[in-house]
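A.B. asks: Under this note's numbering, the first residue of the sequence shown is numbered 122, with each subsequent residue one higher.
Backbone N, C-alpha and C fix where the C-beta goes; we use that ideal spot for every residue, glycine too.
Owing to the predicted nature of the structure, the values given are computational and were not obtained by experimental measurement.
I have a structure here, written as structure tokens, and I will follow up with some questions on it.
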Amino acid sequence: MAENTFDVIVIGSGPGGYVTAIRAAQLGLRTAIVERSFLGGICSNWGCIPTKALLRSAEIFHYLRHAKDYGLSADAVSFDAAAVIKRSRGVAGRMNAGVGFLMKKNKIIVIWGEATIDTPGKITVKASQMQAPKDAAGPGSYQAKHIIIATGARPRALPGLEPDKKLIWTYFEAMNPDRMPKSVPVVGSGAIGIEFASFYRTMGADVTVVEVLPQILPVEDAEISAFARKAFEKQGIRIATGAKVMKLDKKSDGVTATVDAGGKTVQITVDRVIFAVGVVGNIERFGLEKLGVKTDRGCIAIDEFCRTNMPGIYAIGDIAGPPMLAHKAEHEGVICVEAIKGLHPHPMDKRMIPGCTYCHPQVASVGLTEQAAKEKKLDIRVGRFPFVGNGKAVALGENQGMAKVIFAKERGQLLGAHLVGAEVTELIQGFVVAMNLETTEEELMHTIFPHPTISETMKEAVLDAYGRAVNA
């Protein structure tokens, strides 16, 4: 096989891309991956991982300030903003290096630059402005029978309200601020917006969340969202739902935002503005229109095995449509490559994709919300259990939370699970496994949960759905 010829070329090295490349290499396919900016993509460098480092610093700062609640003393608690940011960037650096190590370990060729697809089976890579890693291949023409596009997404901008990276931020600038703002509105209350609202509020900023829809965390169960909203407001976060930013007047070192909230117009003057109104897929620059690759509402149209309408061209992750989550991209990549190899993988079942928001309190969910189940006219049982009835949560001082489950009444099928509270982003996987195994309510009731753990709230919620909760 020629030096520039591969079985698989993956364009983009984010979680979807690099996992796809590794799985392809494991299956014996000669594999290359093209990247123009950062190995590990947005998630490892500017998204999932470094934001969790910031939130961890905020969490520890929160506990230090509440040391007396635990019988402890911590005087004159403060933070070094530069050190907090430095730690987060250090974590991102480790992730970046780790992906590079995995590429070498699996003998995957890294091609550094910007790729365009000339024809199915052939790409051209042009030089990138970013410095290439050592030993990376450079610009040139490359061939592969299978080309997988995994280029992720970028922050969505609203016309007339475009971020300028100085006063009006996207998550890039919010993650690496020049200084900690004293006041900041967060426009958008999805996972990204709420996580930044939680971080900046904990670090002392005056935070207002502006959401155009009637509910924050719009994809979550309404009851869980309402619970989280009360917790956020108790922390001092102001929340305006059914509200829209109409205008931003930039000053020398601040912004005056005009907000329409239910027909009432208010103006707030702040240090910085964070826009978190979603993301859009990076589907440009590949020449997809010229190739005739079909797109749908800003995403590349694919089948259940991530194939586009053009043989030999595939798409995974954010560019292939919602939910735009790293773990969805990773799983799609594995399905895609295993189908290429002829292993007959199971198609993706999007009902089984969990969602997590790492605010305080955390929010996590999988499957149908109660409202969605009712809209489908399903006959359901709903169970709930508050953390206040859980011994471990009380001992931790984290008794504000709730577990909620939704079952099909007749068959006992678990349709959805929704959690808010401490460490629920770790707990949700128990329900994800249960749904994948088609576990019934009876099997969950017969499962022994360790005591004392917060996970016991999960079982109690199941019991509550059938009138058998013990500690309620």
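(1) Less than 6 Å between C-beta atoms, sequence neighbours within five positions excluded: which residues of the same chain meet that for G161?
(2) Which of the three DSSP states, helix, strand or coil, is assigned to H267?
(3) Below 8 Å on the Cβ atoms is my contact criterion, and I expect A104 with A361 to pass it. Report the Cβ-Cβ distance as a whole number of Å.
(4) Taking just the CA atoms, how far does R532 sit from R589?
(5) According to DSSP, is H187 part of a helix, a strand, or is it coil?
(6) From N166 to C427, what distance separates their C-alpha atoms?
(7) Is DSSP giving V554 helix, strand or coil here?
(8) Please say whether K351 and L148 have beta carbons closer to each other than 8 Å?
(9) On the DSSP letters alone, give me the boundaries of the beta strand (DSSP E) that P507 sits inside.
(10) Excluding the 5 residues flanking E316 on each side, which residues of the same chain have their C-beta closer than 7 Å to its C-beta?
(11) Given F200, which residues of its chain have a CB within under 8 Å of its CB, disregarding the five upstream and five downstream residues?
(12) Quick one: Cα of T386 to Cα of D417, how far?
(13) Count the CB pairs spanning the stretch 358-375 and the stretch 338-346 that are closer than 8 Å, and state whether there are at least three.
(14) So, under 8 Å CB-CB, E468 and E425 are touching, yes? Tell me the CB distance rounded to an integer number of Å.
(15) Any chance you could list the beta strand (DSSP E) runs of at least 3 consecutive residues sitting entirely within the stretch 140-182, in chain order?
(16) Got a sec? Which residues, its chain only, sit under 8 Å from E559 by beta carbon, not counting five neighbours each side?
(17) Please classify P284 as buried or exposed, where buried requires at least 16 other C-beta atoms within 10 Å of its C-beta.
(18) So, helix, strand or coil for V308, using DSSP?
(19) When the Cα atoms are used, what is the spatial distance from A494 to A555?
(20) Pull up the distance between the alpha-carbon of V526 and that of G402, whole angstroms please.
(21) Can you tell me the Cα-Cα spacing of P306 and V328, whole angstroms?
(22) Helix, strand or coil, according to DSSP, for F353 in the structure here?
(23) In terms of DSSP beta bridges, what is Q250 paired with?
(24) Identify the residues that DSSP records as bridge partners of F396: which are they?
(25) How do the stretch 229-248 and the stretch 202-210 stand: do at least 3 beta-carbon pairs fall below 8 Å, yes or no?
(26) In whole angstroms, what separates the C-alpha of V487 from that of S262?
(27) Under three-state DSSP, which class holds C457?
C.D. replies: From the atom records:
(1) Here residue 161 is taken as the residue at index 40 of the sequence shown, counted from 1. M216, N217, V220, listed in sequence order.
(2) Residue numbering aside, residue 267 sits at position 146 when the sequence shown is read from its first letter. If DSSP states are grouped into helix, strand and coil, H267 belongs with the strands.
(3) Summary: the structure shown does not reach residue 104, with the chain confined to residues 122 through 593, and so no result is reported for it.
(4) The count along the sequence shown starts at 1 and reaches residue 589 at position 468. The count along the sequence shown starts at 1 and reaches residue 532 at position 411. Their backbone Cα atoms lie some 18 Å apart in a straight line.
(5) Position 66 of the sequence shown, counted from the start, is the residue given in the question as residue 187. In this structure, H187 counts as coil in the three-state DSSP scheme.
(6) Along the sequence shown, one-based indexing puts residue 166 at 45. Along the sequence shown, one-based indexing puts residue 427 at 306. About 25 Å.
(7) Position 433 of the sequence shown, counted from the first residue, corresponds to residue 554. It is helical.
(8) The residue labelled residue 148 in the question sits at position 27 within the sequence shown. The residue labelled residue 351 in the question sits at position 230 within the sequence shown. Cβ distance not < 8 Å, so L148 and K351 don't count as in contact.
(9) Indexing the sequence shown from 1 puts residue 507 at position 386. Taken as a continuous stretch (DSSP letters only), the beta strand (DSSP E) holding P507 covers 501-507.
(10) Your numbering for residue 316 matches position 195 in the sequence shown. T172, L176, T478, Y479, C480.
(11) Here residue 200 refers to the residue found at position 79 of the sequence shown. Cβ neighbours of F200 beyond the five flanking positions: S178, F182, M324.
(12) As a working note, residue 386 is residue 265 in the sequence shown. As a working note, residue 417 is residue 296 in the sequence shown. Spanning the two alpha carbons is a distance of roughly 36 Å.
(13) no
(14) The residue labelled residue 468 in the question sits at position 347 within the sequence shown. The residue labelled residue 425 in the question sits at position 304 within the sequence shown. Note that residue 468 is Pro in the sequence shown here, rather than Glu. With 8 Å as the limit, P468 and E425 qualify as a contact, their Cβ atoms being about 4 Å apart.
(15) 152-156
(16) Locating residue 559 in the sequence shown gives position 438, counting from the first residue. The residues are Q534.
(17) Reading the sequence shown from its first residue, position 163 is the one you call residue 284. Buried.
(18) Position 187 of the sequence shown, counting from 1, holds the residue named residue 308. Strand at V308.
(19) Taking the sequence shown and counting its residues from 1, one reaches residue 494 at position 373. Taking the sequence shown and counting its residues from 1, one reaches residue 555 at position 434. C-alpha separation (whole angstroms): 18 Å.
(20) The sequence position of residue 526 within the sequence shown is 405, counting from 1. The sequence position of residue 402 within the sequence shown is 281, counting from 1. The straight-line gap from Cα to Cα measures roughly 33 Å.
(21) On the sequence shown, residue 306 is found 185 positions in, with the first residue counted as 1. On the sequence shown, residue 328 is found 207 positions in, with the first residue counted as 1. Computed Cα separation, rounded: 6 Å.
(22) What you label residue 353 is simply residue 232 of the sequence shown in a count that begins at 1. DSSP places F353 in helix when its eight states are reduced to three.
(23) What you label residue 250 is simply residue 129 of the sequence shown in a count that begins at 1. Answer is none; Q250 lacks a bridge partner.
(24) Here residue 396 is taken as the residue at index 275 of the sequence shown, counted from 1. V308.
(25) no
(26) Within the sequence shown, the letter at position 366 stands for residue 487. Within the sequence shown, the letter at position 141 stands for residue 262. Whole-angstrom Cα-Cα distance: 43 Å.
(27) For the purposes of this step, residue 457 is identified with residue 336 of the sequence shown, where counting begins at 1. It is helical.
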